[in-house]
Amino acid sequence: MPIPVVIAAGAVMGAKGLGMGGAAYVGYQGASYVYEGIRDWIDPSRVEKRKTDLLINLTKEKQEKESERMQHLDEVVKGIQQRREELDTSVVQQQREIQALVQGVGTDGAAIQRQADQIVPLSEGLEETARAQQELINRLQQELQTKQLAFEEAKRQLTESDVRLREASKELVETKARVSSSDAQQEQTRQKLRQLEAKINLMSLENQQKDGLIKQITEENKAIYSQITNYGAELQLSKKEIEELSHTKDSLSAELTEANALIETLTEQLEEAQENKRGRSPSPSFFK
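Here full-length UniProt numbering is used: the first residue of the sequence shown is 1, the next is one more, and so on.
Encoded structure:
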């Protein structure tokens with residue numbers, strides 16, 4: 001390969017360094033690529049080794065990123081499941097406490113009934129709010145599952161792109177190995193090499209776009225998880241209020257029952273006293 005072509009290739013690689021290192025680094029990087037271009041011209045195997053190492057490093061880095069994303073999503077799902085289990089456990093415990101604390105105290109039956117009538121609409125409103133919050137949490141969990149499927153699809157496409165990139169790199173190596181076969185085929189081979197390089201660059205761009213999509217999905221999943229956490233706290237508070245009102249209602253109902261029983265007892269005693277009064281001679285009476 002003529003020296004001017006090598007120098008021009010080095011200059012092109014130096015220009016690419018502008019986007020990687022910044023304007024202050026371009027001059028040094030360009031000179032370095034010129035020097036590396038001359039060494040590559042002397043020893044073509046260095047180019048293959050460098051590209052192979054670069055491909056291996058890129059593949060390893062992408063695999064590590066995918067592993068971190070999957071681990072984060074697993075933690076999100078486990079957190080949601082753990083939170084639901086904690087809520088269920090809390091509800092059972094509070095129900096047991098309510099059953100242990102429900103006691104009746106005798107008081108005015110009419111006042112108890114009015115209080116119970118006031119509690120019923122409030123309890124129903126809180127139950128409706130709790131149901132709405134639970135539906136919202138279910139919808140957010142379904143949306144999170146949809147995002148997870150989109151993440152898996154993006155990961156699959158990225159894996160396929162990596163496979164195509166490795167195949168293209170392998171084809172590039174095989175093509176370069178045949179470059180020295182004849183002078184008449186060199187120009188055609190160079191054209192094919194340029195096409196393969198363009199194909200590799202396009203695949204790299206597609207991989208970058210897929211990485212951006214995966215990052216976007218990850219951010220959306222974080223936002224959804226935050227909403228689920230907030231609504232879960234509100235749901236727990238609503239359930240607590242419902243349980244307190246239910247406890248109050250049950251207590252008042254028990255008190256009303258005891259008051260009614262007391263009224264019935266007093267009524268029976270009054271009737272018995274009246275019967276005794278009819279059967280005995282006139283005498284002072286408590287119910288006179």
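The beta carbon of each residue, even a glycine, is placed where N, CA and C say it ideally should be.
Cβ shell of residue i (< 7 Å), same chain only, five flanking positions each side left out
i, result
"residue 299", "An answer regarding residue 299 cannot be provided, because it is not within the stretch 1 to 288 covered by the chain."
"N221", "L73, V76, L144 and K147"
"E234", "Q133"
"E268", "none"
"T59", "D162"
"N276", "none"
Residue i (DSSP reduced to helix, strand or coil)
i, result
"Q269", "helix"
Whole-number beta carbon distance between residue j and residue i, since they are thought to touch under 8 Å
i, j, result
"L237", "I200", "With a Cβ gap of about 56 Å, L237 and I200 do not count as contacting."
"R83", "G212", "About 30 Å; that fails the 8 Å criterion."
"Q141", "I80", "7 Å"
"A154", "K210", "5 Å"
"residue 299", "I224", "Any property of residue 299 remains undetermined from this structure, which presents the chain solely from 1 to 288."
"R46", "T218", "That belief does not hold up - the Cβ atoms of R46 and T218 are roughly 38 Å apart, past 8 Å."
Neighbourhood of residue i by C-beta, 8 Å cutoff - its chain only, sequence neighbours within 5 removed
i, result
"E197", "L172"
| said: Whether or not the stretch 126–140 and the stretch 223–241 are in contact is what I'm after, with contact meaning three or more pairs of Cβ atoms, one per stretch, closer than 8 Å; do they touch? | reply: yes
| query | Do the stretch 146–165 and the stretch 239–252 meet, that is, are 3 or more Cβ pairs less than 8 Å apart? | reply | no
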